[in-house]
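Asks: Chains as they are written, first to last, in full-length UniProt numbering: chain A, 1 to 317; chain B, 1 to 174. By construction, the Cβ of each residue, glycine as well, lies at the ideal position given by its N, Cα and C atoms.
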Amino acid sequence: METPHMDSGARAVDRLSELPDCIQDVDAGPQSILDDILSRVTSRQACRTSVLSRRWRHVWRAVPSRCIDIDQLESSAYHEVNKPAEEDHHLGFKSYQDASTDRLHRQMKQQHEFERFADRLTTQHDPSSPPLDTFQLRVSCVDLRRIARPQVDLARTRAPPRRVPPLLRQGRPSRSLYALGSMLPRPHRVPSPRPLDRCGCYCTDEKLVLALPRLTSLRINVSGCPPVVTAEAEMPSLVSASLLACSSDGDLDTLCSLRDARSLDLSGFLATSLLVVGESKQGVPMFRNLKTLLSECELGVECQVLRRFLRDRRTLP
Amino acid sequence: MAAPESGDGNNGAARMVTLISSDNTRFEVEAAAASLSQTLQLTILDGGGGGGDGIPLPNVDSATLSKVLEYCIKHAPAAANGGAPNATAVDRAELERFDNEFVNIDQSVLYSLIMAAHNLEIEGLQSLVAKKVADMIKGKSPMEIRRTLGFPDPTPEEQAEMNAHMLEYGWAYE
Numbered sequence: 001m002e003t004p005h006m007d008s009g010a011r012a013v014d015r016l017s018e019l020p021d022c023i024q025d026v027d028a029g030p031q032s033i034l035d036d037i038l039s040r041v042t043s044r045q046a047c048r049t050s051v052l053s054r055r056w057r058h059v060w061r062a063v064p065s066r067c068i069d070i071d072q073l074e075s076s077a078y079h080e081v082n083k084p085a086e087e088d089h090h091l092g093f094k095s096y097q098d099a100s101t102d103r104l105h106r107q108m109k110q111q112h113e114f115e116r117f118a119d120r121l122t123t124q125h126d127p128s129s130p131p132l133d134t135f136q137l138r139v140s141c142v143d144l145r146r147i148a149r150p151q152v153d154l155a156r157t158r159a160p161p162r163r164v165p166p167l168l169r170q171g172r173p174s175r176s177l178y179a180l181g182s183m184l185p186r187p188h189r190v191p192s193p194r195p196l197d198r199c200g201c202y203c204t205d206e207k208l209v210l211a212l213p214r215l216t217s218l219r220i221n222v223s224g225c226p227p228v229v230t231a232e233a234e235m236p237s238l239v240s241a242s243l244l245a246c247s248s249d250g251d252l253d254t255l256c257s258l259r260d261a262r263s264l265d266l267s268g269f270l271a272t273s274l275l276v277v278g279e280s281k282q283g284v285p286m287f288r289n290l291k292t293l294l295s296e297c298e299l300g301v302e303c304q305v306l307r308r309f310l311r312d313r314r315t316l317p
Numbered sequence: 001m002a003a004p005e006s007g008d009g010n011n012g013a014a015r016m017v018t019l020i021s022s023d024n025t026r027f028e029v030e031a032a033a034a035s036l037s038q039t040l041q042l043t044i045l046d047g048g049g050g051g052g053d054g055i056p057l058p059n060v061d062s063a064t065l066s067k068v069l070e071y072c073i074k075h076a077p078a079a080a081n082g083g084a085p086n087a088t089a090v091d092r093a094e095l096e097r098f099d100n101e102f103v104n105i106d107q108s109v110l111y112s113l114i115m116a117a118h119n120l121e122i123e124g125l126q127s128l129v130a131k132k133v134a135d136m137i138k139g140k141s142p143m144e145i146r147r148t149l150g151f152p153d154p155t156p157e158e159q160a161e162m163n164a165h166m167l168e169y170g171w172a173y174e
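#1: List, in order along the chain, the chain A residues whose C-beta lies closer than 7 angstroms to that of B/A172?
#2: Using only the alpha-carbon positions, how far apart do B/V129 and A/C67 sit?
#3: Please report the distance separating the alpha-carbon of B/C114 from that of A/Q110.
#4: Is the CB-CB distance between B/L95 and B/V103 below 8 angstroms?
#5: Does A/S65 have its Cβ less than 8 angstroms from a Cβ in chain B?
#6: Report yes or no: do the stretch 41 to 56 of chain A and the stretch 143 to 155 of chain B share at least 3 C-beta pairs separated by less than 8 angstroms?
#7: Please determine, among B/L45, B/L69, B/L19, the residue with the shortest C-alpha to C-alpha distance to B/T53.
#8: Select from A/R103, A/S263, A/V59, A/H105 the residue whose C-alpha is nearest the C-alpha of A/D35.
#9: Got a sec: is the Cβ-Cβ distance from B/A134 to anything in chain A below 8 angstroms?
#10: Hey, is A/D36's beta-carbon within less than 8 angstroms of any beta-carbon in chain B?
#11: Ignore the nearest five residues each way along the sequence and tell me which others in A/S17's own chain have a CB closer than 8 angstroms to its CB.
#12: Is DSSP giving A/T101 helix, strand or coil here?
#13: A/R103 CB to nearest chain B CB: under 8 angstroms?
#14: Please tell me whether A/R106 has its Cβ less than 8 angstroms away from any Cβ of chain B.
#15: Using a Cβ-Cβ distance under 8 angstroms, would A/L16 count as near chain B?
#16: Could you check if A/L144 is buried or exposed, using at least 16 other CB atoms within 10 Å of its CB as the buried criterion?
#17: Taking only the alpha-carbon atoms, compute the straight-line gap between B/H165 and A/Q45 and give it to the nearest angstrom.
#18: Any Cβ of chain B within less than 8 angstroms of the Cβ of A/S95?
#19: Could you pull the start and end residues of the beta strand (DSSP E) that B/I105 belongs to?
#20: Looking only at DSSP bridge pairs, what is B/T64 linked to?
#21: Do you know offhand how far B/E157's Cα is from B/M143's?
#22: Which chain A residues sit within Cβ distance under 8 angstroms of B/Q126?
#23: Who are B/T18's beta bridge partners in DSSP?
#24: Judging by CA-CA distance, which residue of B/Q38, B/S112, B/L65, B/L42 is the nearest neighbour of B/V29?
#25: Excluding the 5 residues preceding and the 5 following residue 182 of chain B in the sequence, name in chain order all residues of the same chain whose CB lies nearer than 6 angstroms to its CB.
#26: Whose C-beta lies closer than 6 angstroms to the C-beta of B/A31 among residues of the same chain, with five residues either side of it excluded?
#27: Applying the criterion that 16 or more other CB atoms from any shown protein chain within 10 Å of the CB defines a buried residue, is B/L69 buried or exposed?
#28: Look up B/P152 in the DSSP assignment and give the residues it is bridged to.
#29: Using a Cβ-Cβ distance cut-off of 8 angstroms, determine whether B/A116 contacts chain A.
#30: Applying the 10 Å Cβ sphere with the 16-neighbour rule, what's the burial state of B/V159?
#31: Just to confirm, is the Cβ distance from A/R40 to B/A134 under 8 angstroms?
#32: Among A/D265, A/S43, A/L19, which residue has its Cα nearest to the Cα of A/A118?
#33: Can you give me the C-alpha to C-alpha distance between A/K94 and A/R120, rounded to a whole angstrom?
#34: Which residues does DSSP list as the beta-bridge partners of B/P56?
#35: Can you find the residues in the same chain that come closer than 6 angstroms, C-beta to C-beta, to B/A116, ignoring five residues on each side of it along the sequence?
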């Protein structure tokens, strides 16, 4: 945003550089104005401030939030490549095919660039500063390989390896995790499933495992062909959770570990599976803190699911 | 008002405290407003700043302090309601309008405000100025940011260092 009156007249002399670094108390939130400033711009923009001067080189690395968003590929080239194909009816089939192939190649290249960007952004967190508070990953890519199959000779096309960014893979505890998008990438290699202090996220070849006991906000909204997301630890601090189910078993496990959530937003679950989850385990009431339940699932005959969920509740939502 | 009575004869009226700027100007202000500053809060709770003494603020000049107090006075009623859960939409809109107007200021004044907000630990004001600066650097290249924030022109060494760093961090600029 341009602020013309700022640039007019005598230039103010920089004083921001005098301000102290991000001192961070995980429970108290941002403590420094620099931190606050850089939390308010995109992670890409925050990272760019490292070039400003020696003073600013590492400031951004301690900022406790990261947002990796496909939309941060802000170059016009990205939107150029992804705009809908022109309807050019007089193109012959051959040239149409060539054009599509070409477009696909460019999309794959961009996807690859985005992954590299995400990797770099997540590996740059200053290890001496407190762990990330918020990590947001928004990937919205189509499964290029699947689309590619009918048209492109895969032997000649190196499909971009799809990986979970290292931060998610190696895991650092954070309070909010959002994974949104049409596809959560499958890990390319299989890293050893060894979470730090059993706390964090890690990825096996099949699953993205969450072990985040401090988490207060979780949003998993991934459709397509995702790896199963499972939760390994209970999340007693959870305030709100939103879950979109895509496959059967893993999602239910995840749901079970959300039992302390005060607010649940579910979609994509089958009524029968929800009934199984709603069963108390060893007499422990499920979802005892639940205050709000938003559901876009079948609720079963006579709202059995709802009743099961609410059975142990004293106050009705 | 949430401020306790200090027993200095101000019964009935809101308790007032005196703040003294670096250039020795005295500002008399309601304790509730001054208490938005975490730094001042304890002193005020201890009964300081009343009567003739006043609290000296050697880091804040009178122009900046009067601006800061303008913010505090406006925000004190809402803060007294514990973040104003029962504030009406009109009140909130009015505060928002005030905030937007408030930071529409000369950059050197903005910087003085940032330093004061930092020294006095006034949370709302810190966020407000942080948001303003964030808006100033959004979508700009490093050189533009340097110019916007008022960095001195880079020396040749600094320029070389910046260039080298640009190469290293080229991925953030793709």
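Replies: Reading off the structure:
#1: What you label residue 172 of chain B is simply residue 172 of the second sequence in a count that begins at 1. Around B/A172, the beta-carbon contacts reaching into chain A at under 7 angstroms are R44, C47, R48.
#2: Reading the second sequence from its first residue, position 129 is the one you call residue 129 of chain B. Reading the first sequence from its first residue, position 67 is the one you call residue 67 of chain A. Taking the straight line joining both Cα atoms gives about 22 angstroms.
#3: As a first step, residue 114 of chain B must be located in the second sequence, where it is residue number 114. As a first step, residue 110 of chain A must be located in the first sequence, where it is residue number 110. Before going on, a small fix: residue 114 of chain B reads as Ile here, not Cys. Rounded to the nearest angstrom, the two C-alpha atoms are 40 angstroms apart.
#4: For the purposes of this step, residue 95 of chain B is taken as residue 95 along the second sequence, with counting starting at 1. For the purposes of this step, residue 103 of chain B is taken as residue 103 along the second sequence, with counting starting at 1. Not closer than 8 angstroms, so no.
#5: The residue labelled residue 65 of chain A in the question sits at position 65 within the first sequence. No - not a single Cβ of chain B is within 8 angstroms of the one on A/S65.
#6: Under the three-pair Cβ rule at 8 angstroms, the stretch 41 to 56 of chain A counts as touching the stretch 143 to 155 of chain B.
#7: Your numbering for residue 53 of chain B matches position 53 in the second sequence. The residue asked about is misnamed: residue 53 of chain B is Asp in this sequence, not Thr. Nearest C-alpha to B/D53: B/L19.
#8: Counted from its first residue, the first sequence places residue 35 of chain A at position 35. The option with the nearest alpha carbon to A/D35 is A/V59.
#9: Within the second sequence, numbered from 1, the residue matching residue 134 of chain B stands at position 134. Interface criterion met: the Cβ of B/A134 is under 8 angstroms from a Cβ in chain A.
#10: In the first sequence, the residue the question calls residue 36 of chain A occupies position 36. Closer than 8 angstroms to the CB of A/D36 there is at least one CB belonging to chain B.
#11: The count along the first sequence starts at 1 and reaches residue 17 of chain A at position 17. Cβ within range, chain order: S53, R55, W56.
#12: Locating residue 101 of chain A in the first sequence gives position 101, where the first residue counts as 1. It is helical.
#13: In the first sequence, residue 103 of chain A corresponds to position 103, counting from 1. Using a CB distance cut-off of 8 angstroms, A/R103 does not count as an interface residue toward chain B.
#14: Translated into the one-based positions of the first sequence, residue 106 of chain A becomes position 106. No, its Cβ sits nowhere closer than 8 angstroms to a Cβ of chain B.
#15: For the purposes of this step, residue 16 of chain A is taken as the residue at position 16 of the first sequence. Output row for A/L16: interface = yes.
#16: As a position in the first sequence, residue 144 of chain A is number 144, starting the count at 1. Interpretation of A/L144 is limited by its pLDDT of 40, a score under 50 that renders its predicted location unreliable; the figure taken from the coordinates is listed afterwards. The residue is buried, with at least 16 neighbouring Cβ atoms inside 10 Å.
#17: If you number the second sequence from 1, residue 165 of chain B lands on position 165. If you number the first sequence from 1, residue 45 of chain A lands on position 45. Looking at the two C-alpha atoms, the distance is approximately 15 angstroms.
#18: Sequence index remark: in the first sequence, residue 95 of chain A carries index 95 (1-based). Residue contact check for A/S95 against chain B: no CB pair falls below 8 angstroms.
#19: Translated into the one-based positions of the second sequence, residue 105 of chain B becomes position 105. Where B/I105 is concerned, there is no enclosing beta strand (DSSP E), given that its DSSP letter is neither H nor E.
#20: Indexing the second sequence from 1 puts residue 64 of chain B at position 64. According to DSSP, B/T64 bridges with nothing at all.
#21: Residue numbering aside, residue 157 of chain B sits at position 157 when the second sequence is read from its first letter. Residue numbering aside, residue 143 of chain B sits at position 143 when the second sequence is read from its first letter. If I take the Cα positions, the gap works out to 15 angstroms.
#22: Looking up residue 126 of chain B in the second sequence gives position 126. Within chain A, the residues I33, D36 have their CB atoms less than 8 angstroms from the CB of B/Q126, given in chain order.
#23: For the purposes of this step, residue 18 of chain B is identified with residue 18 of the second sequence, where counting begins at 1. In DSSP, B/T18 forms a bridge with B/E28.
#24: For this step, residue 29 of chain B is matched to residue 29 along the second sequence. When only C-alpha atoms are compared, the closest one is B/L65.
#25: Because chain B is modelled from 1 through 174, residue 182 of chain B falls outside the range shown and cannot be assessed.
#26: Within the second sequence, the letter at position 31 stands for residue 31 of chain B. Only A3, R15, V17, I44 meet the Cβ criterion.
#27: Counted from its first residue, the second sequence places residue 69 of chain B at position 69. By the neighbour-count rule (16 or more Cβ atoms within 10 Å), B/L69 is buried.
#28: On the second sequence, residue 152 of chain B is found 152 positions in, with the first residue counted as 1. When beta bridges are read from the DSSP output, B/P152 appears opposite no residue.
#29: Counting from one through the second sequence, the residue named residue 116 of chain B turns up at place 116. For B/A116, the answer is no, since every Cβ of chain A falls outside 8 angstroms of its Cβ.
#30: If you number the second sequence from 1, residue 159 of chain B lands on position 159. A small correction: the amino acid at residue 159 of chain B is Gln; Val does not occupy that position in the sequence shown. With fewer than 16 other beta carbons inside 10 angstroms of its own, B/Q159 counts as exposed.
#31: The count along the first sequence starts at 1 and reaches residue 40 of chain A at position 40. The count along the second sequence starts at 1 and reaches residue 134 of chain B at position 134. In contact: A/R40 and B/A134 (Cβ atoms closer than 8 angstroms).
#32: The residue labelled residue 118 of chain A in the question sits at position 118 within the first sequence. Of the candidates A/D265, A/S43, A/L19, the one whose C-alpha sits nearest the C-alpha of A/A118 is A/S43.
#33: For the purposes of this step, residue 94 of chain A is taken as the residue at position 94 of the first sequence. For the purposes of this step, residue 120 of chain A is taken as the residue at position 120 of the first sequence. Each residue's alpha carbon lies about 39 angstroms from the other.
#34: The residue you call residue 56 of chain B lines up with position 56 of the second sequence. In the DSSP output, where bridge partners are listed per residue, B/P56 has B/I20.
#35: Taking the second sequence and counting its residues from 1, one reaches residue 116 of chain B at position 116. Excluding sequence neighbours, B/A116 sits near V60, T64, V68.
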